[in-house]
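K.L.:
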Amino acid sequence: MRILVDRVRCQNHGQCAISAPTNFELDADGELRYRESFDDEDASDIEDAVDSCPVQAITLDSDG
Amino acid sequence: MTQQLAVPHLDISSERFRMNSREMRRARADHWYARTDWGIAVLTYEDCKLLLKNPHLTQGSAKWPAHHGVVDGLYDRWWRKTLLVLEGDEHNRIRRLVNPAFSPRRIEPLRPRFRALADSLVDEWVDDGRTEFAGRFAAPYSTRVLCMMLGIDEHDWEEVYQLSSTIGLGIGITIKENIARIDDAVAELTRYAESLVAARRRSPRDDILSALVGARDEDDGRLSDQELINLIILLVFAGIDTTRNQLVLTVASFSEQPDQWEKLAADPDRYAAKAAEEALRVNPIARWVSREAGETFRYRERTIEKGTTIHLLTLSSGTDPAEYDDPDRIDLDADRSPHLAFGGGMHHCLGHFVARADIDVAVSALSTRLTDLRVGEDAEWLPDSGNTGANTLPITFTRRP
Ligand code: SF4
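Line order of the protein sequences matches chains E and V. First residue of the first sequence? That's 1250 in my numbering, and the numbers climb one at a time after it. First residue of the second sequence? That's -1 in my numbering, and the numbers climb one at a time after it.
(1) Given this structure, state the Cα-to-Cα distance separating V:D402 from V:T369, to the nearest angstrom.
(2) Leaving out the 5 sequence neighbours to the left and right, which residues in its chain are closer than 7 Å to V:K261 when beta-carbon positions are compared?
(3) Compare the Cα-Cα distances from V:H400 to each of V:G133, V:E130 and V:I171 and report the closest residue.
(4) Which residue spans inside the region 73 to 140 of chain V form an unbroken alpha helix (DSSP H) run of at least 4?
(5) For V:A284 versus V:G343, is the C-beta distance shorter than 9 Å?
(6) Going by DSSP in three states, V:F340 sits in which element: helix, strand or coil?
(7) Name the chain V residues that come within less than 8 Å of E:D1297, Cβ to Cβ?
(8) With distances taken Cα to Cα, identify the nearest neighbour of E:P1303 among E:M1250, E:R1251, E:I1252 and E:N1261.
(9) Considering only the alpha carbon of each residue, which of V:A137, V:Y43 and V:E290 lies closest to V:V234?
(10) Please name the residue, chosen from V:T294, V:Y73, V:A196 and V:L50, that lies closest to V:K61 on a Cα-to-Cα basis.
(11) Would you verify that the beta carbon of V:P282 is, or is not, closer than 9 Å to some beta carbon of chain E?
(12) Which residues bound the beta strand (DSSP E) around V:A388?
(13) Just to confirm my understanding: we take V:V158, look at its own chain, exclude 5 residues before and 5 after, and list those with CB closer than 7 Å. What are they?
(14) When we look at the beta-carbon of V:N243 and count the other beta-carbons within 10 Å, is it buried (16 or more) or exposed?
(15) Check whether the Cβ of V:R242 sits closer than 8 Å to any heavy atom of the ligand SF4, and report yes or no.
(16) What number of angstroms, rounded off, separates the C-alpha of V:L187 from the C-alpha of V:R26?
(17) Return the CA-CA distance between V:G219 and V:F395, expressed in angstroms with no decimal places.
(18) Give me the chain E residues within the contact set of V:P202, using Cβ-Cβ distance strictly less than 9 Å, ordered along the chain.
(19) Closer than 6 Å by C-beta to V:A339: which residues in its own chain qualify, once you throw out the five before and the five after it? Chain order, please.
(20) What do you get for V:L391, buried or exposed, if any count of 16 or more other CB atoms within 10 angstroms of its CB means buried?
(21) Nearest-angstrom Cα distance between V:P53 and V:A291?
(22) Using CA atoms only, rank isn't needed, just tell me which of E:S1301, E:S1293 and E:A1269 is closest to E:R1282.
(23) For the ligand SF4, is there any heavy atom lying closer than 8 Å to the beta carbon of E:V1304?
(24) Which residue marks the beginning of the alpha helix (DSSP H) containing E:A1266, and which one marks its end?
(25) Within the 9 Å Cβ cut-off, does E:I1307 reach chain V?
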């Protein structure tokens, strides 16, 4: 599974970084940075990030 | 070289201030911000959007009761611990636990119940050709939706509505004179919330309250009992009046654009979500979102001193001609940039998916039943402020065949 963020939709609200700080963070300019791959133990945090994004910009893609 | 015009002053603390005024538009055309009696007001879309997420700014309402001489008591203690005003790790920890309970996954299945409620309320007055929309639709609808989500018996809605309105007085400028009543309402709602939590703990259901109780019980006690109760009070306080007033404003806006109301009625499945967004953009209940500078920083040509209050004006940013074509018009087919009516960043409104779903369902139900919508002259509007709307909204209409 791979994390995909739709960059056109993303408004840099940072809710994903609250839910899953190991994979998402806002940089010094307030822009989202994220890592596409994640460990199994973080899977539920990642799902919470997907749920919590106010613009629903995050999806999980099964190939990868 | 850009021309330097004097920074305008807007009288946002006046009862007569209208964010939709020529004065505001002129100020926005000349400058990105205006001075006010309470800090600065940011006017343009671009600047509101950037500042909403600026890490130098904190939420800034924590000291509201203290500013009005209220320094202890139930309300004050509750307010200082609400998610709304918490910052940093404490905020993020609670937000992380509660966010999933308000996700589309939880809210989408409730839509048929919202719709049945909306239809039954319309049935009560649709044959009369007129109604008082705020009292006979917006208040019961918004309160009963909240009851549904929390699993409160809907028969209790009037009492819940009263408690929420009383606690709402706490963010008004009359807080000091009402504080005894406000404290009583917090006490009563605390008892009520405790009994709800106890009931969910005995027998969980598939509702938001059970999800929150679960977040407390499963995650090594990360949400304390007190935090859970505080949160339930916040949901009742923040979830009802906001939705009630946004429904009022939405109907009022569409009554001025009958062509768009007809378009919505012809295909609500296609247009209802967009209708909610457009109403939030041109006529948002929260006329401004407030922040405070946590430190001194440079922004554009200005140094913003630590402690400065910054109001991000939502209607102004939502109708900024630099961002939107024909900005004051609701246009259900236009491709618009996202409005800022739910704030943004770490403090992005927690309940926005619920609010969006229930406005969307309400306008679907209303538009398919009513046409020739008109707002009576005797509507009682609230002043523009952090929260606006109407106490009463008499409307007339024709029932659709
Ligand atoms: S929560 Fe959504 S909008 Fe915000 S930074 Fe993450 S992906 Fe972007």
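A virtual CB, placed ideally from N, CA and C, is assigned to each residue, including glycine.
P.N.:
According to the structure data:
(1) Because chain V is modelled from -1 through 399, residue 402 of chain V falls outside the range shown and cannot be assessed.
(2) Taking the second sequence and counting its residues from 1, one reaches residue 261 of chain V at position 263. The answer, listed in chain order, is Y269 and L330.
(3) Given a span of -1 to 399 for chain V in the structure shown, any question on residue 400 of chain V remains unanswerable.
(4) With a minimum length of 4 residues, the unbroken runs of alpha helix (DSSP H) contained wholly in the region 73 to 140 of chain V fall at 86 to 96, 102 to 105 and 109 to 123.
(5) For this step, residue 284 of chain V is matched to residue 286 along the second sequence. For this step, residue 343 of chain V is matched to residue 345 along the second sequence. A distance of 9 Å or more separates the beta carbons of V:A284 and V:G343.
(6) Reading the second sequence from its first residue, position 342 is the one you call residue 340 of chain V. Under the three-state reduction of DSSP, V:F340 is assigned to coil, being neither helix nor strand.
(7) The residue labelled residue 1297 of chain E in the question sits at position 48 within the first sequence. The answer, in chain order, is R94, N97 and P98.
(8) As a working note, residue 1303 of chain E is residue 54 in the first sequence. The shortest Cα separation from E:P1303 among E:M1250, E:R1251, E:I1252 and E:N1261 belongs to E:N1261.
(9) Position 236 of the second sequence, counted from the start, is the residue given in the question as residue 234 of chain V. When only C-alpha atoms are compared, the closest one is V:A137.
(10) Taking the second sequence and counting its residues from 1, the one referred to as residue 61 of chain V is at position 63. Considering only alpha carbons, the answer is V:Y73.
(11) Here residue 282 of chain V is taken as the residue at index 284 of the second sequence, counted from 1. It does not; no Cβ of chain E falls within 9 Å.
(12) As a first step, residue 388 of chain V must be located in the second sequence, where it is residue number 390. For V:A388, the enclosing beta strand (DSSP E) covers residues A388 to T390.
(13) The count along the second sequence starts at 1 and reaches residue 158 of chain V at position 160. Excluding positions up to five away in sequence, the list reads T141, C145, I150 and V234.
(14) Against the second sequence, residue 243 of chain V aligns to sequence position 245. Classification of V:N243: buried, given that the 10 Å Cβ count is 16 or more.
(15) Against the second sequence, residue 242 of chain V aligns to sequence position 244. Placement of the Cβ of V:R242 at a distance of 8 Å or more from every heavy atom of the ligand SF4 is found.
(16) Position 189 of the second sequence, counted from the first residue, corresponds to residue 187 of chain V. Position 28 of the second sequence, counted from the first residue, corresponds to residue 26 of chain V. Near 42 Å, if we compare the C-alpha coordinates of V:R26 and V:L187.
(17) As a working mapping, residue 219 of chain V is identified with position 221 in the second sequence. As a working mapping, residue 395 of chain V is identified with position 397 in the second sequence. For V:G219, the predicted structure reports a pLDDT of 48, less than 50, and the residue's modelled location is therefore unreliable. A value from the coordinates is still provided. CA-to-CA, the gap between V:G219 and V:F395 works out to about 53 Å.
(18) Within the second sequence, the letter at position 204 stands for residue 202 of chain V. Think of a sphere of 9 Å around the beta carbon of V:P202: no beta carbon from chain E falls inside it, the nearest being about 19 Å out.
(19) Taking the second sequence and counting its residues from 1, the one referred to as residue 339 of chain V is at position 341. Excluding five sequence positions before and after V:A339, the CB atoms of its chain that fall closer than 6 Å to its own CB belong to L278, P282 and T312, given in chain order.
(20) Your numbering for residue 391 of chain V matches position 393 in the second sequence. Around the CB of V:L391, 16 or more other CB atoms lie within 10 Å, so the residue is classed as buried.
(21) Position 55 of the second sequence, counted from the start, is the residue given in the question as residue 53 of chain V. Position 293 of the second sequence, counted from the start, is the residue given in the question as residue 291 of chain V. A straight line joining the alpha-carbon of V:P53 with that of V:A291 spans about 9 Å.
(22) The residue labelled residue 1282 of chain E in the question sits at position 33 within the first sequence. Per the C-alpha coordinates, the member of E:S1301, E:S1293 and E:A1269 positioned closest to E:R1282 is E:A1269.
(23) Counting from one through the first sequence, the residue named residue 1304 of chain E turns up at place 55. Flag set: Cβ of E:V1304 near the ligand SF4.
(24) Here the question's residue 1266 of chain E lines up with position 17 in the first sequence. Its alpha helix (DSSP H) spans residues Q1264 to S1268.
(25) As a position in the first sequence, residue 1307 of chain E is number 58, starting the count at 1. At a cut-off of 9 Å between C-beta atoms, E:I1307 does not count as an interface residue with respect to chain V.
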